[in-house]
């Protein structure tokens, strides 16, 4: 197998050469501890300040509202626990949705054991929350609404502006996990009334192991890691200077030509979606048909398991992902697919292909040429599909 096509950009991205080059000096030359007063340390501190400004600009924030973390999951944990513990005297009620990333869901479940009450909003068939449900869920005890900007599995974008307006009206903090949105959607935290926002470098061609939390000035938030004075005494620990530099450069590049990037990615996405629908029967596109991430393609293929589809694609050099059991180490299908109403047996046959900056039209053509053959071969092994061929339930 010589051909290698990467179509899992929603999982992680390669580090772009320009970003790697920006990081290199901070491994070998300007390697000082940013807390040190001599020149090596000052170089690191200055680099962090520059990156903080780059990320702030990417989301319309102030520089001193950006706090660096070890990734998106840490940022989610800090936002939710930090608000909960700092505001528990005002109330102990949190509102989220049932299709959040596990970094949010598991944090909320943890807080329930600590005496907090969490409302998990249902979503519609496309994966969007209903604004009326959100309004009804608010009580005098509600201190936080945490709803993701865009879903990592099915690509659905939430009505963030409306959620922000409702939160502001009721004087409730609003946090959004924007890990998938940065670099794919225009973000302005002030226009959208967002109080806390989580982002991660490795989704936008930066390094793994570095993220950031935007915290609106005046937000009452507990510190997350105690120790040194780093991150204005909110998150202790010697900074990952090279990673932070890479994140800053990645954020700058991701938002410089956003419209051009989105147009290119959308074109390839739509070609892939249209081709799959045209060439393969018994498929369903998951997620919102319009309000979706530009690079997200998520289908369920009836009568086959997502894992077997994924492994078959890997054998011909195509990397994708699945909400199927074995890839997640769980016997249950994706909680997102179940939440949008897919039956258990159909939800197991999911495939997510996510497109990025290095995807070509030839890559899409290759998938469209080979995926129908794989689906046909796998279905011929399915007794359920055999019933269909004999004039069964379909």
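Residue numbers (our numbering): 23 to 416.
We treat Cβ as the ideally placed atom computed from N, Cα and C, and that holds for glycine.
Quiz item: Rounded to whole angstroms, how far is the Cβ of residue 117 from the Cβ of residue 143, which I believe are closer than 8 Å?
Solution: Confirmed, Cβ separation roughly 7 Å.
Quiz item: Do residue 370 and residue 394 have their CB atoms nearer than 8 Å?
Solution: No, they are not a contact pair.
Self-check item: Selected residue, minimal CA-CA separation from residue 287, among 298, 375, 330
Solution: It is 375 whose Cα lies nearest to the Cα of residue 287.
Quiz item: Starting from residue 138 and walking both ways along the alpha helix (DSSP H), at which residues does that stretch end?
Solution: It is not in any alpha helix (DSSP H) - residue 138 carries neither H nor E in the DSSP assignment.
Quiz item: What's the C-alpha gap between residue 153 and residue 82?
Solution: Between residue 153 and residue 82, the C-alpha separation is close to 25 Å.
Quiz item: How many Å lie between residue 227 and residue 176 at the Cα?
Solution: Within the model, the alpha-carbon separation for residue 227 versus residue 176 is close to 21 Å.
Exercise. Return the CA-CA distance between residue 140 and residue 156, expressed in angstroms with no decimal places.
Key: Distance between the alpha carbons of residue 140 and residue 156: 12 Å.
Quiz item: By Cβ distance, which residues of its chain are closer than 8 Å to residue 349, with the 5 residues on each side in sequence left out?
Solution: Legend: pLDDT at residue 349 = 48, less than 50; position of this residue unreliable, value from coordinates given subsequently. Hits under 8 Å: 328, 329, 332, 343.
Quiz item: Just to confirm, does residue 237 get its C-beta within under 7 Å of one of the non-hydrogen atoms of the ligand COA?
Solution: Absent from the structure shown: the ligand COA. Ligands present: none.
Quiz prompt | Close Cβ partners of residue 26 (< 6 Å) along its chain, the five nearest in sequence each way excluded | solution = In chain order, 339 place their CB closer than 6 Å to the CB of residue 26, counting only its own chain and leaving out the 5 sequence neighbours on each side.
Self-check item: Reduced DSSP category for residue 233 - H, G, I as helix; E, B as strand; rest coil
Solution: Looking at residue 233 - three-state DSSP - the assignment turns out to be strand.
Practice problem: Tell whether a beta-carbon distance below 8 Å holds between residue 148 and residue 377. | Solution: Contact: no.
Quiz item: Exposed or buried, what is residue 279 when buried is set at 16 or more other beta-carbons lying within 10 Å of its beta-carbon?
Solution: Exposed, since its Cβ has fewer than 16 Cβ neighbours within 10 Å.
Practice problem: Specify whether the stretch 253-263 and the stretch 215-227 touch according to this definition: at least 3 beta carbon pairs, one from each stretch, less than 8 Å apart. | Solution: Too few Cβ pairs lie closer than 8 Å, so no.
Self-check item: Start-to-end residues for the alpha helix (DSSP H) that takes in residue 199
Solution: According to the DSSP assignment, residue 199 belongs to no alpha helix (DSSP H) but to the beta strand (DSSP E) extending over 195-199.
Practice problem: Would you mind sorting residue 58 into buried or exposed? The rule is 16 or more other CB atoms within 10 Å of its CB. | Solution: Around the C-beta of residue 58, fewer than 16 other C-beta atoms lie within 10 Å, and the residue is accordingly described as exposed.
Exercise. Please report how far the alpha carbon of residue 268 lies from the alpha carbon of residue 289, in whole angstroms.
Key: About 28 Å.
Practice problem: Look up residue 344 in the DSSP assignment and give the residues it is bridged to. | Solution: Partner(s): none; residue 344 has no beta bridge.
Exercise. Check each candidate in 404, 281, 322, 46 and name the one with the smallest Cα separation from residue 365.
Key: The residue with the shortest Cα to Cα distance from residue 365 is 322.
Quiz item: In the stretch 161-220, which residue ranges form an unbroken beta strand (DSSP E) of at least 3 residues, counting only runs that do not cross its ends?
Solution: Counting whole runs of 3 or more residues, the stretch 161-220 contains the beta strand (DSSP E) stretches 164-168, 195-199.
Quiz item: Which two residues bound the contiguous alpha helix (DSSP H) that contains residue 366?
Solution: Taken as a continuous stretch (DSSP letters only), the alpha helix (DSSP H) holding residue 366 covers 366-369.
Quiz item: Just checking my contact of residue 310 with residue 179 at CB under 8 Å: how many whole Å lie between their CB atoms?
Solution: Contact flag correct, Cβ pair sits at about 7 Å.
Quiz prompt | Beta bridge counterpart(s) of residue 15 as assigned by DSSP | solution = For the chain, the structure presents residues 23 to 416; residue 15 sits outside this window and is missing.
Self-check item: Inter-residue Cα distance where the pair is residue 368 and residue 325
Solution: Distance from the CA of residue 368 to the CA of residue 325, rounded to the nearest whole angstrom, comes to 7 Å.
Quiz item: Closest by CA to residue 297, which one among 199, 389, 382?
Solution: Just measuring C-alpha positions, the residue of 199, 389, 382 sitting nearest residue 297 is 389.
Quiz item: Is residue 337 buried or exposed, if buried means 16 or more other CB atoms sit within 10 Å of its CB?
Solution: Exposed is the label assigned to residue 337, since fewer than 16 other Cβ atoms lie within 10 Å of its Cβ.
Quiz item: Hey, residue 97 and residue 234 are a contact pair by Cβ (cut 8 Å); roughly how many whole angstroms apart?
Solution: Going by Cβ atoms, the distance from residue 97 to residue 234 rounds to 6 Å, so yes, they are a contact pair.
Quiz prompt | For residue 396 and residue 335, the rounded distance between their alpha carbons | solution = Approximately 8 Å, taken between the alpha carbons.
Quiz prompt | Cβ neighbours of residue 244 in the same chain (closer than 6 Å, five flanking residues each side left out) | solution = Around residue 244: 104, 107, 108.
Quiz item: When we look at the beta-carbon of residue 161 and count the other beta-carbons within 10 Å, is it buried (16 or more) or exposed?
Solution: Classification for residue 161: exposed.
Practice problem: Go through its chain and collect everything with a Cβ distance to residue 294's Cβ below 6 Å, but skip five positions before and after it. | Solution: Cβ-Cβ distances below 6 Å link residue 294 to 319, 386 in the same chain, with the five nearest sequence neighbours on each side left out; the list follows chain order.
Exercise. Name the two residues that bound the continuous beta strand (DSSP E) containing residue 156.
Key: For residue 156, there is no enclosing beta strand (DSSP E); the residue is part of the alpha helix (DSSP H) that begins and ends at 153-159.
Quiz item: To the nearest whole angstrom, what separates the beta carbons of residue 312 and residue 145, a pair I think is in contact under 8 Å?
Solution: Not quite, the Cβ-Cβ distance comes to about 16 Å (not below 8 Å), so this is no contact.
Practice problem: Could you check what DSSP says for residue 143 in three-state terms: helix, strand or coil? | Solution: In the structure shown, the three-state DSSP call for residue 143 is strand.
Self-check item: Given residue 196 as reference, the closest of 90, 101, 208 once Cα atoms are compared
Solution: Nearest C-alpha to residue 196 among 90, 101, 208: 101.
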